Amino acid sequence: EVRLVESGGVVVQPGGSLRLSCAASGFTFDDYTMHWVRQTPGKGLEWVSVISWDGGSTYYAESVKGRFTISRDNSKNSLFLQITRLRTEDTAFYYCVKDMAMSTSWYFDHWGQGTLVTVSS
Amino acid sequence: DIQMTQSPSSLSASVGDRVTITCRASQYISTYLNWYQRKPGKAPKLLIYAASSLQSGVPSRFSGIGSGTAFTLTISSLQPEDFATYYCQQSYTPPPTFGQGTKVEIK
Chain H
3 EVRLVESGGV
13 VVQPGGSLRL
23 SCAASGFTFD
33 DYTMHWVRQT
43 PGKGLEWVSV
53 ISWDGGSTYY
63 AESVKGRFTI
73 SRDNSKNSLF
83 LQITRLRTED
93 TAFYYCVKDM
103 AMSTSWYFDH
113 WGQGTLVTVS
123 S
Chain L
665 DIQMTQSPSS
675 LSASVGDRVT
685 ITCRASQYIS
695 TYLNWYQRKP
705 GKAPKLLIYA
715 ASSLQSGVPS
725 RFSGIGSGTA
735 FTLTISSLQP
745 EDFATYYCQQ
755 SYTPPPTFGQ
765 GTKVEIK
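Residue numbers (this note's numbering), protein chains in the order written: chain H, 3 to 123; chain L, 665 to 771.
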């Protein structure tokens, strides 16, 4: 059974930083592209970032480019999202999401339960 | 970015009802359209991919149809476990974008 378990969500002040983690199990992690998707009350579901199976290729939503960094450690079956210069509009549940394919298909076949990031002073 | 618009935003239905949700894309997306179900406190779940392909393990009462810019998700006979919010998503051109969601509530 595929499992994706996020952690690292906290309450943080605007301008702060944090790192989200996702522990993956139940599939061959380094066979698949991985994503982060977030859900905000105001904007609904928003795709955030993608990383290729080997970590060699990354891509970001315009709203987070330059502030967020996605990475992965295939030896530990883990996905990460480093977030800096946080804004109030970054408040959201952040989901770790598995792509259906090794090469990016943009079909999201498994999701974690999410971790809540709250940006507030 | 491609804009995805769902209708209705919410609906009330009874167990056994046939439910239809519509999703429209702001430009042509062929059949690169996926449907997800989200329940409070649970991970979102892929129901339909490529407009009409049923994801493994998803009950056959769920079906999808459409191409180009207009798509439909149908639940043939609504079950108690189907009360949830449903989202469409285009996977034609990055960045992938989602509809705003349709909340299916108990009448």
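No residue lacks a Cβ here, since even glycine has one placed at the ideal position from N, Cα and C. These figures come from a predicted structure and were not determined experimentally.
Worksheet item: In whole angstroms, what is the alpha-carbon distance linking S731 (chain L) and L697 (chain L)?
Response: Here residue 731 (chain L) refers to the residue found at position 67 when the second sequence is read from its first residue. Here residue 697 (chain L) refers to the residue found at position 33 when the second sequence is read from its first residue. About 8 Å.
Worksheet item: Using the rule of at least 16 other Cβ atoms within 10 Å of the residue's Cβ for burial, across every protein chain shown, is V121 (chain H) buried or exposed?
Response: Sequence index remark: in the first sequence, residue 121 (chain H) carries index 119 (1-based). The residue is buried, with at least 16 neighbouring Cβ atoms inside 10 Å.
Worksheet item: Interface residues of chain H around R703 (chain L) at Cβ under 7 Å?
Response: Here residue 703 (chain L) refers to the residue found at position 39 when the second sequence is read from its first residue. According to the sequence provided, residue 703 (chain L) is Lys. The question's Arg does not apply to it. The contacting residues do not exist; K703 (chain L) stays about 11 Å from chain H at best.
Item to complete: Taking L47 (chain H) as the query, report the chain L residues whose CB atoms sit under 7 Å from its CB, ordered along the chain.
Response: On the first sequence, position 45 is the one that residue 47 (chain H) refers to. Correct list: Y751, F762.
Worksheet item: Between L697 (chain L) and chain H, is there a C-beta pair that is closer than 8 Å?
Response: In the second sequence, residue 697 (chain L) corresponds to position 33, counting from 1. Chain H contact via Cβ: absent.
Worksheet entry | Enclosing beta strand (DSSP E) for W113 (chain H) [first to last residue] | Position 111 of the first sequence, counted from the first residue, corresponds to residue 113 (chain H). From DSSP, the beta strand (DSSP E) with W113 (chain H) extends over 110 to 113.
Worksheet item: Which residues of chain H have a Cβ atom closer than 8 Å to the Cβ of A707 (chain L), listed in chain order?
Response: The residue you call residue 707 (chain L) lines up with position 43 of the second sequence. Residues of chain H passing the Cβ test: L6, Y97, H112, W113, G114, Q115, G116.
Worksheet entry | Per DSSP, the bridge partner or partners of M668 (chain L) | Mapped onto the second sequence, residue 668 (chain L) falls at position 4. M668 (chain L) is bridged to L:A689.
Worksheet entry | Where S51 (chain H) sits in the DSSP three-state scheme | Along the first sequence, read from residue 1 onward, the residue named residue 51 (chain H) stands at position 49. Three-state DSSP puts S51 (chain H) in a strand.
Worksheet item: Do you know offhand how far T2 (chain H)'s Cα is from P744 (chain L)'s?
Response: Within the shown structure, residues of chain H are numbered from 3 to 123, placing residue 2 (chain H) beyond reach of any answer.
Worksheet item: Is the beta carbon of G10 (chain H) less than 8 Å from the beta carbon of L88 (chain H)?
Response: Locating residue 10 (chain H) in the first sequence gives position 8, where the first residue counts as 1. Locating residue 88 (chain H) in the first sequence gives position 86, where the first residue counts as 1. In this structure, L88 (chain H) does not lie closer than 8 Å to G10 (chain H) by Cβ.
Worksheet item: Taking only beta-carbon atoms, is G765 (chain L) less than 8 Å away from chain H?
Response: Taking the first residue of the second sequence as position 1, residue 765 (chain L) is located at position 101. Judged by the 8 Å Cβ criterion, G765 (chain L) is in contact with chain H.
Worksheet item: Does the ligand SAH have even one heavy atom less than 7 Å from the beta-carbon of L711 (chain L)?
Response: For the ligand SAH, the structure offers nothing, since it holds no ligand at all.
Fill in: The beta strand (DSSP E) enclosing F735 (chain L), as first and last residue numbers
As a first step, residue 735 (chain L) is located in the second sequence; it is residue number 71 there, counting from the start. Note, F735 (chain L): beta strand (DSSP E), 734 to 739.
Item to complete: For D33 (chain H), count neighbouring C-beta atoms within 10 Å of its own C-beta (all shown protein chains included) and say buried if the count is 16 or more, exposed if not.
Response: Locating residue 33 (chain H) in the first sequence gives position 31, counting from the first residue. Label assigned to D33 (chain H): exposed.
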